[in-house]
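Encoded as structure tokens, the structure appears first; notes follow it.
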Ligand code: GLC
Ligand code: GLC
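Numbering (the numbering used here), first residue to last: 56 to 874.
Put into structure tokens, the structure is as follows:
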């Protein structure tokens, strides 16, 4: 049992108490346009809007030691020549009393060494395109301390991909300007770029550096031994090509007990193309726009105010769903960390994390549609914008680009289309948005196809085409054709790749197959019912009737061809052979159709849902969560694709793919298995795994995409934390299905399915502008459903609370009785 810190629930922080965590444990800065990742030892990087195309600073993903590149400070004792990094990295000398507090949109890293304490706060103020580092240095010695403080960032030459590949050019292009102690990074500003970065300091600087080799002392020294720090004197170097950096030197003499605050501001500036230079044509940056901003945030009172606003912002967002249950792991995830992670997935999609490099994936159509389920209650207006952006990349066939680029909002041709589950997620996202907000008007919103001007139709028509896309592509068993893959990107039934180096998701597909997906069938059953409800709301009952008829046909096809006896089958391959059946040698049972079919209502009327879920528990459950399939594939199956390329127990090949576990938790509530639903939720709850941090290795405050499964070399070891659909789905599973507070078109449903030992819980939920104070009571030792419901003291029929006027506070009391 090893922990590396603890939750401070009151402060809504995770406090890390030693720097050498099993992996860098990161946090995110920024929530609008300027973003950064920051590790517990100040590693990480920053970017403006697009992690690939507007990268401000460098980070080295493959480096040993890991987590190299960051927001670094160095302290040097002028009397002894001793120097260290107050955030441990990059020097990694021993520190007395290290701690890192990751909070909501900010991180504080503090330490003490030899009587000198340094604590640095990092955050991005709301509404600005800059980050602040506020370092407080305190002298706890009996005598004066004469110190030098050095700052350090290494600039990225903007396009992070090009920056790592195009050395023959890039080693000659780097440029800077230094004026009044402010370092401006101006690479390519002379020609087509209108943006630059700046790095400023609140103190009079004793010197600066902008050329990496000068700061380090040649090409054979690292960040842990910079010659400038070692000898205690900056060199005032001006970068010309090579690797531009920003570094300041500040001299401090502190009396015993004295604290000094030094503020650094790193930011992104942009000028209109016709007023880039001052004087015009000079080649010198026009600084008139950024000067006041820099000046403002170098003042500590402005820093305090900006931090206060950031805290209020997060309190407001997280205040929209608050729960108080008998489970501290539930409370802290729902009230703080899970909701926070959902906002991070809204902001970052799958772009920048310790595992996603920011140069690869754009915004996923499928991923972003699902992420929306977790953030729509916090930022409904921005969720609306996201839906319209996604829908505008849909194709007129109803299909969808698999990804789009955040900067251009265009579909990504390199990845293309043909993942046949993609369009259906849009229906689920829109349904969730309309249930949360009541804004049916979005269905009338004109949206183009493939961003083609003139092709606009109402959003409602996009959804119809999305459903139609599945119906236009049915295979011989009446089940949806899978295309490149479905939710499981690695089930590539038409790829047949024999040569290395080709991507399973983009390689040409073999023609003429009949590969079908039972997962999409389940997803269709869910989406068709959601669309039917939207059609009813939209006043087109004929459409609703059609959708329901198609749903019934799909469920029939699953009855004849999708049921294996003890669970739902997974697919039929290119040749029409079954995948995910007792008759297979490997990959007999897969988790996705068990979750999705039950969520789509399949098997609820005839007991198959319960049988499938019992099989999940029997075949897929491990102490670390439910694995994706069993047995894992032990060899490469060319007809199945990437899934079998992974070693057994990892990723889609039998890892605990966290995203799928909440589907099972939801399905368990639908059949009334309250204890198993909660157990499924709790097994992968990061806080509940905190004691296993040495095994789990990723952050104990956020979900990771994958935890190694039972067939792996290291079961329980997590990877790919932060940017995962597990965030949204776990939030939905616990708040809407286990606690059972579920937005519906006609109100807020109160349908808890609580573990037997609980005696109830309380919650406060904002919904369409009103506040609901919900108190659920249940006798211990039973499970069951709501038997009586009062709203402001009045007894109600059923379990739906109708929407109250905006601003109202509504008291809801629900009693659950045993079966
Ligand atoms: C990754 C992808 C997601 C996919 C999942 C399963 O998390 O981002 O789109 O559904 O893997 O393959
Ligand atoms: C790989 C991963 C999968 C992810 C996909 C994204 O296939 O295994 O999880 O969805 O890449 O392109």
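All residues carry an ideal CB built from backbone N, CA and C; glycine is no exception.
query                                                                                                                             : result
Candidates 192, 853, 450, 89: closest to residue 166 by CA position                                                               : 192
Residue 645 Cβ short of 7 Å to ligand 1 heavy atom set                                                                            : no
Cα-Cα separation between residue 664 and residue 731, rounded to whole angstroms                                                  : 14 Å
Endpoints, the alpha helix (DSSP H) within which residue 256 is located                                                           : No alpha helix (DSSP H) holds residue 256; the beta strand (DSSP E) holding it covers 250 to 256.
Under 6 Å, CB to nearest heavy atom of ligand 2: contacting residues                                                              : 544, 545, 560, 697, 706, 707
Residue 130 - containing beta strand (DSSP E), residue span                                                                       : 127 to 132
Backbone CA spacing between residue 871 and residue 394 [nearest angstrom]                                                        : 27 Å
Beta bridge counterpart(s) of residue 865 as assigned by DSSP                                                                     : 827
Residue 714: CB within 7 Å of a non-hydrogen atom of ligand 1                                                                     : yes
Any non-hydrogen atom of ligand 1 within 7 Å of residue 542 CB                                                                    : yes
Where residue 721 falls: helix, strand or coil (DSSP)                                                                             : helix
Rounded separation between residue 91 and residue 85 - CA only                                                                    : 7 Å
Rounded straight-line distance, which links the Cα of residue 833 to that of residue 651                                          : 29 Å
Same chain, Cβ closer than 7 Å to residue 418, neighbours up to 5 away in sequence not counted                                    : 404, 458, 459, 461
Chain-order list of residues whose beta-carbon lies under 7 Å from that of residue 846 (same chain, five-residue window excluded) : 856, 865, 867
Check whether residue 796 and residue 805 have beta carbons under 8 Å apart                                                       : yes
Cβ separation of residue 824 and residue 767, assumed to be a contact under 8 Å, to the nearest whole Å                           : Rounded, the Cβ-Cβ distance is 48 Å, inconsistent with contact.
Three-pair Cβ contact test at 8 Å for the region 266 to 276 versus the region 172 to 186                                          : no
Straight-line Cα distance separating residue 197 from residue 109                                                                 : 47 Å
Within the region 117 to 189, ranges of the beta strand (DSSP E) (whole runs, at least 3 residues)                                : 127 to 132, 151 to 157, 161 to 168, 171 to 178
Closest residue to residue 399 among 751, 159, 143 (Cα-Cα distance)                                                               : 159
Residue nearest to residue 641 in terms of C-alpha spacing, selected from 693, 688, 345                                           : 688
Through-space distance from residue 287 to residue 679, alpha-carbon basis                                                        : 50 Å
Residue 372, buried or exposed, once every other Cβ within 10 Å from all chains shown has been counted against 16                 : buried
Buried or exposed (CB count within 10 angstroms, at least 16 for buried), residue 396                                             : buried
Separation of residue 268 from residue 296, as counted between CA atoms                                                           : 11 Å
Beta-carbon spacing of residue 208, residue 112 below 8 Å                                                                         : yes
Closer than 7 Å: residue 405 CB and nearest ligand 1 heavy atom                                                                   : yes
Check: residue 779 C-beta below 7 Å from any heavy atom of ligand 1                                                               : yes
Nearest-angstrom Cα separation, counted from residue 408 out to residue 186                                                       : 18 Å
Among 453, 604, 425, the one whose alpha carbon lies nearest that of residue 441                                                  : 425
Minimum length 4: unbroken alpha helix (DSSP H) runs contained in the region 363 to 450                                           : 383 to 387, 393 to 403, 420 to 430, 435 to 446
Inter-stretch contact (C-beta, 8 Å, three-pair minimum) for the region 569 to 588 and the region 716 to 730                       : no
Residue nearest to residue 526 in terms of C-alpha spacing, selected from 606, 325, 256                                           : 606
Where the beta strand (DSSP E) through residue 600 begins and ends                                                                : Premise fails: residue 600 lies in the alpha helix (DSSP H), 596 to 616, not in any beta strand (DSSP E).
Identity of the residues DSSP links to residue 213 by a beta bridge                                                               : 110
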